[in-house]
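**Student:** Have a look at this one.
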Amino acid sequence: MWIQVRTMDGKVAHTVDSLSRLTKVEELRRKIQELFHVEPGLQRLFYRGKQMEDGHTLFDYDVRLNDTIQLLVRQSLVLPASSIKERDSELSDTDSGCCLGQSESDKSSNSGEAASEADGKASLADEDTWDETELGLYKANEYVDARDTNMGAWFEAQVVRVTRKAPSQDEPCSSTSSLTAEEDVIYHVKYDDYPENGVVQMSSRDVRARARNILKWHELEVGQEVMLNYNPDNPKERGFWYDAEILRKRETRTVRELYANVRLG
């Protein structure tokens, strides 16, 4: 049989054939690699709102002929704090210092190299100090909602670390900078339900307090912005949590309908 595989943003889709109901997820990943050029370890596959795991077959997920599976490419993992500290300690070694930024060190004098190394250590020190301050709305170990920037859906997560965004060359150095403290923060979070993704860096706009309030039907109003569960491929099936703006409510004696503009990404 054959199925359709489509990226989460809907921009790329391919037909995967020569399958059977007993095809394992691992084999499906290899076929997807040939078509999408994405390593199996970087593939997150979803069918009807459920993530497909290795060791199972298409039959286990009730995948049928011409059904659509969504592909989400994993985000790059960031180094844990312990690795950064180890790398910082290695900078004290002369050989390690020469290996970093070879093109710059070739152009500069010995005094220039020493100044550059001192600036690098000062930058790392500032980043570590940032963790201990009260800046940023959310602290380490705090539970939040984090938005997957590829698909636009929100997932429950936990803050692991808080660091400062590296200043850009165009950013003014004076205190009149338009960036506020919160916009200058990077949150390192890990998803509750997807620990295999490791720690992911998030900007402040993609992290917010965990949603806790459930709105009843009579509390919903046109123009209101809410979180709702939606499946782009199978709207009648359970999917993921997205931001949405309510456009219209319709209620009869037998049915209640809600029309909303869903923000998919």
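Under the UniProt record's numbering, residues 1 to 265 are what the sequence shown spells out, in order. Here a beta-carbon is modelled for each residue, glycine too, at the ideal position from N, C-alpha and C.
How would you call S123, buried or exposed, if buried means at least 16 neighbouring beta carbons within 10 angstroms?
**Tutor:** Low local confidence applies: a pLDDT of 46 at S123 is under 50, so the model's placement there is unreliable, and no value is given.
**Student:** To which residues of the same chain is R256 closer than 7 Å at the C-beta, ignoring the five residues directly before and after it?
**Tutor:** Here the set comprises W217.
**Student:** Can you tell which of L22, R64, V73, F59 has the C-alpha that lies nearest to the C-alpha of G10?
**Tutor:** Nearest option by C-alpha distance: V73.
**Student:** If you count every other CB in all the chains shown that lies within 10 Å of the CB of I186, and 16 or more means buried, which is it?
**Tutor:** So I186 ends up on the buried side.
**Student:** Looking at V63: is its Cβ nearer than 8 Å to the Cβ of L35?
**Tutor:** No, the Cβ-Cβ distance between V63 and L35 is not below 8 Å.
**Student:** Assign residue 276 to one of three DSSP states: helix, strand, or coil.
**Tutor:** Outside the displayed span of the chain (1 to 265) sits residue 276, for which this structure offers no information.
**Student:** What are the boundary residues of the alpha helix (DSSP H) that includes L258?
**Tutor:** From DSSP, L258 is part of no alpha helix (DSSP H) but of the beta strand (DSSP E) over 256-262.
**Student:** For the candidate residues K50, H37, A153, R44, whose alpha-carbon lies nearest to that of R208?
**Tutor:** Checking every option, the nearest Cα to that of R208 belongs to A153.
**Student:** Output yes or no for whether 8 Å exceeds the beta carbon distance between I1 and Q70.
**Tutor:** Just to set this straight, residue 1 is Met in the shown sequence, not Ile. No, Cβ-Cβ distance for M1 and Q70 is not below 8 Å.
**Student:** Given this structure, state the Cα-to-Cα distance separating E237 from D184, to the nearest angstrom.
**Tutor:** Computed Cα separation, rounded: 39 Å.
**Student:** With distance defined between alpha-carbon atoms, name the residue in P195, T163, V189 nearest to A146.
**Tutor:** If we check each option's Cα against that of A146, V189 comes out closest.
**Student:** With DSSP as the reference, please indicate the residues paired to N229 in a beta bridge.
**Tutor:** Its beta-bridge partners are W241.
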